[in-house]
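In this note's numbering, the protein residues as written are 2 to 370. Reading through the C-alpha cells given below for one structure.
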C-alpha cells in the first residue's frame, strides 16, 4: 500500500499516464498464479445462481447517479436536465434494485440484513467513512500536485504516512477491542478521523510539509482503527450461513460509499471553485474565462500560456477556498458515521457466530485507505 503511490508517481514522472494501469497487468497475473498455487480449493455445497437483474440494476443506478453528481460539478447548475435527470434515474434504479433483491430467492445483495441493528448501523457507518475517505483523498491529490506543485513522485512519497498509520492502526485496534470492546475504540477513532479530514480546512499554500505529514499519519492511524475491527465484528455477529451474504453486503456498501464520495466531493469542489474564481476573471477575454472556470489546473495552464501569473494565484486561492468548504462537509459526514456507531453498536461486545481472522480484516482495512 505504501509502495503503490510511490510507484505510480515514478511512472507518471517518467512514462505515459496509462502506464499506471498497465503496471497492474503483471501484478494481477502474478496474483492469479498465487491463487491457483496457494489458496485451497473450496466449493460451497450450495450452488448459488447468478443475479443478472440485480447486477444490471445496481451498476446502472450507480453509474447514472454518479454521472449526474459529476455533471452538476461541471456546469454548477442543478436545474439542467442533464444533471437532475440522471440523478433521478439513478435513484429510481437503485430503489428498483432493492425491491428486486427483496423478491429473488438468492439475492446478490440482501437488504434484509441491514435491518439488523448492529449489522445495519455498522455498515452505514462504514459507508459514510469510505465516502469521506474517498472524497478527502481526491482533494489530497489536487492539493499536493496542483496547489503545492508537487511532482507525482513527491506526492506519492508525501502520502506514505497515511499508509504507515493505517498499518499500525489495524492491529492496535484489534488488541484494544479485545480489552475494551468495540464501541469505546471505534467511535473515538472515527471521531479523530473526521477531525483530521476537517483539518484540511486549515491547510494552505504556505503550510509546512511536516504539518501535512502529521495530519496524514493521524488520519491513517484513526481510519485503520475503524475499518478492520468494525468489519470483523459485523461478520462475526451473523450466523454462519449468512456470513457470505453479509460480507457481500458490507463490501457493496463500502464500495458504493467510495464511488459517491468522489462524485459528491468533486462536485462540491467544482462549484465552490467556480464561485471563488469568478471575481478574478473580470476583464479577461471570454475564452480565458471559460477555460479558467473549468478547474484550477486548467486556469494555471491558461495563465502560463498567456503569461498572467495573477490568474494562477487567483486559481490557487480559489482552490484552497473550495477545499476548505469541501473538507468541512466531509468532516460532518464522517462525524455522522461516528454517531451511527455510537447509537447502534452495543456498549459491551459479544461474540456470535464465526470470528474472521484478524490478519485478514487488518489487511482489508489497510487496503481500503
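We put the CB at the ideal spot given by N, CA and C, even for glycine.
| query | result |
| --- | --- |
| Completely contained alpha helix (DSSP H) runs for the segment 267–346, where each covers 4 or more residues | 287–295, 297–306 and 310–345 |
| Sufficient close CB pairs (3 or more, under 8 Å) joining the segment 24–44 to the segment 84–93 | no |
| 7 Å CB neighbourhood of residue 331 in its chain, flanking five on each side removed | 133, 136, 137, 198 and 266 |
| Residue 60 versus residue 54 - alpha carbon distance | 10 Å |
| Alpha-carbon spacing of residue 279 relative to residue 5, whole angstroms | 37 Å |
| C-beta atoms of residue 277 and residue 323 nearer than 8 Å | yes |
| Option in 99, 174, 16 and 183 with minimal Cα separation from residue 344 | 183 |
| Inter-stretch contact at 8 Å, needing at least 3 Cβ pairs: the segment 108–122 / the segment 287–301 | no |
| Counted within 10 angstroms of its Cβ, other Cβ atoms place residue 240 as buried (16 or more) or exposed | exposed |
| Contact under 8 Å by Cβ, residue 247 with residue 164 | no |
| Simplified DSSP assignment, three categories, for residue 117 | coil |
| The alpha helix (DSSP H) enclosing residue 6, as first and last residue numbers | 4–15 |
| Separation of residue 116 from residue 104, as counted between CA atoms | 16 Å |
| Burial state of residue 108, where buried means 16 or more other Cβ atoms lie within 10 Å | buried |
| Buried versus exposed call for residue 273 [16 or more other C-beta atoms within 10 Å across all chains shown] | buried |
| Pair within 8 Å by beta-carbon distance, residue 275 and residue 77 | yes |
| Own chain partners of residue 302 with C-beta closer than 7 Å, once the 5 adjacent residues on each side are dropped | none |
| Simplified DSSP state of residue 81, which is helix, strand or coil | coil |
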